[in-house]
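Next comes the structure, spelled out in structure tokens:
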């Protein structure tokens with residue numbers, strides 16, 4: 394049994410606001426929290442009307458179906474938070490005010506971060522582009538519209554995620570966040586042209602203990618997948634912000650290659666989707682078993 398905490402979810406294209414949901418197990422039995430911040434695919438009519446892109450092209454920044462790949466997490470005893478809003482509309486894996494002043498029709502507040510590399514690349518809190526350098530907007534955005542996205546969506550999203558991690562740490566003595574993402578199938582590592590199936594990121598050893606990161610890699614490789622560690626994705630704002638190993642909160646980013654389960658041209662699932670979801674379920678089970686065994690060995694099992 395699972396419990397859901399969310400706003401009413403409208404159909405794609407509905408003009409009502411859609412934020413996110415938390416799917417909770419009937420009882421949380423694991424020190425794990427799963428988060429899918431980039432798989433939202435509810436595009437309001439207003440947003441589509443403001444964009445210069447087609448309803449197909451604007452989806453190119455989605456982490457396609459990642460929330461579905463990890464949908465069994467609550468059945469294992471861990472909550473899953475997932476976005477309904479699309480990344481092209483608002484990116485919660487950024488600082489709250491990584492904004493490009495050139496995108497707006499009037500001056501932004503002085504506290505914005507306009508000089509981050511992500512803003513320079515067009516991928517700030519309110520993105521300027523989707524994948525392949527495709528501009529989203531034809532005209533400048535209203536400042537109040539932009540700031541309202543942060544106030545009414547970004548802040549509640551992070552308040553919810555923070556509460557999940559705090560509750561988990563209180564119950565189990567520690568919390569482990571798995572931030573779930575997908576990557577283009579063309580991503581390679583170094584000059585070897587090796588295309589990993591999964592990339593595990595821990596901000597170069599700062600957001601999680603080495604044992605936790607290496608366990609995730611070992612489990613995936615034991616299942617026959619190729620992996621990479623921190624390159625080219627070490628984790629974004631969420632991994633960096635919530636990963637505090639010394640305070641008992643660990644954060645890993647996991648990237649799954651979309652070539653394993655989706656057609657990146659049509660954005661549709663491949664027949665292999667079911668097998669990849671089953672493999673993710675196996676990963677969750679084995680990773681959970683590792684954490685519980687480690688917790689018992691260090692006296693951090695649940696009360």
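Numbering (this note's numbering), first residue to last: 394 to 696.
Glycine residues also receive a C-beta, built at the ideal position from the N, C-alpha and C atoms.
Integer Cβ distance of residue i from residue j, believed to fall under 8 angstroms
i, j, result
"residue 645", "residue 592", "Going by Cβ atoms, the distance from residue 645 to residue 592 rounds to 10 angstroms, so no, they are not a contact pair."
"residue 635", "residue 558", "6 angstroms"
"residue 627", "residue 597", "6 angstroms"
"residue 429", "residue 459", "5 angstroms"
"residue 425", "residue 471", "4 angstroms"
"residue 421", "residue 564", "7 angstroms"
"residue 675", "residue 569", "Contact doesn't hold; Cβ gap of about 18 angstroms is too wide."
"residue 578", "residue 650", "5 angstroms"
"residue 562", "residue 643", "Going by Cβ atoms, the distance from residue 562 to residue 643 rounds to 10 angstroms, so no, they are not a contact pair."
"residue 365", "residue 672", "The question about residue 365 has no answer here: the residues shown for the chain are numbered 394 through 696."
"residue 513", "residue 454", "Their Cβ separation, rounded to whole angstroms, is 17 angstroms, which puts residue 513 and residue 454 out of contact at 8 angstroms."
"residue 590", "residue 620", "7 angstroms"
"residue 427", "residue 481", "The Cβ separation is near 22 angstroms, so there is no contact."
Start-to-end residues for the alpha helix (DSSP H) that takes in residue i
i, result
"residue 615", "603–615"
"residue 631", "630–635"
"residue 460", "459–462"
"residue 469", "466–469"
"residue 513", "510–513"
One or two residues paired with residue i in a DSSP bridge
i, result
"residue 528", "522"
"residue 569", "425, 643"
"residue 575", "649"
"residue 620", "591"
"residue 661", "656"
"residue 497", "534"
"residue 582", "587"
Same chain, Cβ closer than 7 angstroms to residue i, neighbours up to 5 away in sequence not counted
i, result
"residue 581", "587, 588"
"residue 680", "608, 609, 612"
"residue 599", "636"
"residue 678", "469"
"residue 535", "498"
"residue 533", "496, 497, 498"
"residue 511", "487, 491, 517"
The beta strand (DSSP E) enclosing residue i, as first and last residue numbers
i, result
"residue 440", "Here residue 440 belongs to no beta strand (DSSP E); instead the alpha helix (DSSP H) covers 438–443."
Cutoff 8 angstroms; reference residue i; Cβ partners in own chain excluding five residues on either side
i, result
"residue 625", "580, 582, 592"
"residue 397", "414, 415, 416, 417"
"residue 547", "483, 485, 489, 518"
"residue 632", "570, 572, 594, 595, 596, 600, 644, 645, 646"
"residue 408", "Per-residue confidence for residue 408 stands at a pLDDT of 38, beneath the threshold of 50, marking its modelled position as unreliable; the derived number appears in the next sentence. So the qualifying residues of the chain are 437, 438, 439."
Neighbourhood of residue i by C-beta distance below 6 angstroms, restricted to the same chain and skipping five residues each side
i, result
"residue 648", "574, 576, 592, 626"
"residue 433", "476, 477, 478, 479"
"residue 629", "486"
"residue 641", "562, 567"
"residue 614", "620"
"residue 445", "531"
For this session: Decide if the stretch 483–490 is in contact with the stretch 505–523; the criterion is three or more beta carbon pairs, one per stretch, under 8 angstroms apart.
Result: yes
May I ask you to verify whether the stretch 522–536 touches the stretch 456–474, counting CB pairs closer than 8 angstroms and requiring at least 3? no
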